[in-house]
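Enquirer: One structure coming up, written as structure tokens, with questions to follow.
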Amino acid sequence: MSVTLSPANMITGIHIWISKHQQFAVFGGLTMCGQSIVTADGRAGPYNTAATDGWNKYYHPEFLEGLTIPQRRFLVLHELSHQAFQHCDLDRMAGIDLTSREDLMLANMAKDHFINTTLLNMAGASGEIEMIEPGCADMKYLNWDWRRIYRDLKDQAAKNPKGSKAGSGEGEMDHHIYGEGSGSPVSQEELAKRKQQIDTALRQGKALAERLKEMGNGKGGDTLDLDDLLYPKINWKDALSEFVVTHTAGNDESTWRKPNRRHLANGVYLPSLYSEVVRKLVVVMDTSGSCFHSDEQVAFVSEFASLMDLVKPEKVVVLYV
């Protein structure tokens, strides 16, 4: 006798499956953070598929019913991953032009590449989850930070505007809701509380996954190392380069040689703004005991030299502190 589950029960069943799975149990605690809402009222995104505002997850019932069980698992894990990495947190969107449709689409695509390659790597060849098409999952981006992926996608779009997929948006798998788009305004106090709950849920999930691993329950590929999520390790070279480029990008002159891409989709050609040089840049080098060895100092100087070549300041002030 076959039993047909309602879309809401499909989600509940997948949450239970996640909590018992060796690889994916790390996301188990997140199933209790926020709500998982099956709805056809538009909150599941413009494509009527799925969406998240970083706290609540929305699933369109017809979309769920049209997926296989492995695809449904993939979809739920995908939304939980956005929550785990706090991808809809505006504070983590520094350097992204939120008013530019292209920049926002590229950022969304980068996050999807990051999540999907991670999930596929965790599953290995088990066949327990299945990628949903269309979606972003170029395995060359495996283990890349989403901001690095974003920069690579942006470079590709600049080199080949006609061949860029930026205009296709996030694909049609899910929708990312930022800030005011999430509905009622959320206070800073509530946001801080939510972040704490997510952090606690991840720690609980990590403990559960370790317990299941000891029991030998589950199968798949590599287990997600949540230490990098709970205690993020940021490549200082990438962070420094992004900071310098973002905060020294001038706009005091205009040029017709490079049209403003924001308006090209509407057939309007306007000049873009630019600056030839950065007037003054101050660099502070750490000379404390932990950075006193020659290798660290050489790395600092080499990175600063490459930044000088990138932004071409008129004057550089170097402080040794």
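The sequence shown finishes on residue 341 if you use my numbering, and the numbering steps up by one all the way, no holes. Quick reminder that beta carbons are idealized off the backbone N, C-alpha and C, glycines included.
Go through its chain and collect everything with a Cβ distance to Val-304's Cβ below 7 angstroms, but skip five positions before and after it.
Expert: Correct list, in chain order: Leu-339 and Val-341.
Enquirer: Step through the CB atoms of chain B and report whether any lies within less than 8 angstroms of the CB of Asn-180.
Expert: Checking the listed chains, one finds no chain B in this structure; it contains a single protein chain.
Enquirer: Residues in its own chain within less than 8 angstroms of Ser-39 by CB, not counting five upstream and five downstream?
Expert: Hits under 8 angstroms: Ala-45, Gly-48, Thr-51 and Leu-228.
Enquirer: From the DSSP secondary-structure annotation, give me the bridge partner or partners of Ala-71.
Expert: Tyr-78 and His-195, per the DSSP bridge assignment.
Enquirer: Report, in whole angstroms, the separation of the C-beta atoms of Lys-131 and His-107, which I expect to be a contact under 8 angstroms.
Expert: Going by Cβ atoms, the distance from Lys-131 to His-107 rounds to 5 angstroms, so yes, they are a contact pair.
Enquirer: Check the DSSP bridge columns for Ser-146 and list the partner residues they point to.
Expert: Beta-bridge pairing links Ser-146 to no other residue.
Enquirer: Between the C-alpha atoms of Tyr-95 and Ile-89, what's the straight-line distance to the nearest angstrom?
Expert: The sequence shown places Leu at residue 95, rather than the Tyr named in the question. Cα-Cα distance, rounded: 10 angstroms.
Enquirer: Measure the alpha-carbon distance for Asp-194 versus Thr-69 and round it to whole angstroms.
Expert: Their backbone Cα atoms lie some 6 angstroms apart in a straight line.
Enquirer: Looking at the unbroken alpha helix (DSSP H) that takes in Ser-39, where does it start and where does it end?
Expert: That run of the alpha helix (DSSP H) goes 27-39.
Enquirer: In whole angstroms, what is the alpha-carbon distance linking Glu-316 and Gly-155?
Expert: Distance between the alpha carbons of Glu-316 and Gly-155 is about 41 angstroms.
Enquirer: Would you check if the stretch 56-63 and the stretch 24-31 touch, i.e. whether three or more CB-CB distances between them fall below 8 angstroms?
Expert: With the cut-off at 8 angstroms, the stretch 24-31 and the stretch 56-63 touch.
Enquirer: By a C-beta neighbour count over all protein chains shown, 10 Å radius and 16 as the cutoff for buried, is Met-129 buried or exposed?
Expert: Buried, since its Cβ has 16 or more Cβ neighbours within 10 Å.
Enquirer: What is the rounded straight-line gap between the Cα of Glu-190 and the Cα of Gln-176?
Expert: With a pLDDT of 46 at Glu-190, under the threshold of 50, the modelled position of that residue is not reliable, and no figure is offered here.
Enquirer: Which class does Leu-12 belong to by DSSP, given the choice of helix, strand or coil?
Expert: Beyond the ends of the chain as shown, which are 21 and 341, falls residue 12; an answer cannot be given.
Enquirer: Since Ile-135 sits in a beta bridge, which residues does DSSP pair it with?
Expert: Bridge partners of Ile-135: none, in fact.
Enquirer: My understanding is that Leu-124 touches Ile-116, with C-beta atoms under 8 angstroms, so please give their C-beta distance in whole angstroms.
Expert: Indeed, because the Cβ distance is near 7 angstroms, the residues count as touching under 8 angstroms.
Enquirer: Measuring alpha carbon to alpha carbon, tell me which of Leu-222, Val-302 and Ser-120 ends up nearest Leu-260.
Expert: That would be Val-302, whose Cα lies nearest to the Cα of Leu-260.
Enquirer: Cβ atoms of Ala-104 and His-80: under 8 angstroms apart, would you say?
Expert: No, the pair does not count as a contact, with Cβ atoms beyond the cut-off.
Enquirer: Taking the continuous beta strand (DSSP E) assigned at Ser-120, which residues delimit it?
Expert: Segment: none, Ser-120 is in no beta strand (DSSP E) and carries neither H nor E.
Enquirer: Would you tell me roughly how many angstroms separate the C-alpha atoms of Ile-36 and Asn-76, rounded to the nearest one?
Expert: Rounded to whole angstroms, Ile-36 to Asn-76 spans 18 angstroms at the Cα level.
Enquirer: Find the nearest neighbour of Val-298 within the set Met-142, Glu-148 and Val-336, judged by alpha-carbon distance.
Expert: It is Val-336 whose Cα lies nearest to the Cα of Val-298.
Enquirer: Can you give me the Cβ contacts of Leu-126 inside the same chain, cut-off strictly under 6 angstroms, excluding the 5 residues immediately before and after it?
Expert: Cβ neighbours of Leu-126 beyond the five flanking positions: Tyr-170, Leu-173, Lys-174 and Ala-186.
Enquirer: Quick test of your reading: His-196 and Thr-307, contact by CB under 8 angstroms. State the CB separation rounded to the nearest angstrom.
Expert: With a Cβ gap of about 42 angstroms, His-196 and Thr-307 do not count as contacting.
Enquirer: Helix, strand or coil: which one does DSSP assign to Glu-153?
Expert: Glu-153 falls in the coil class under three-state DSSP.
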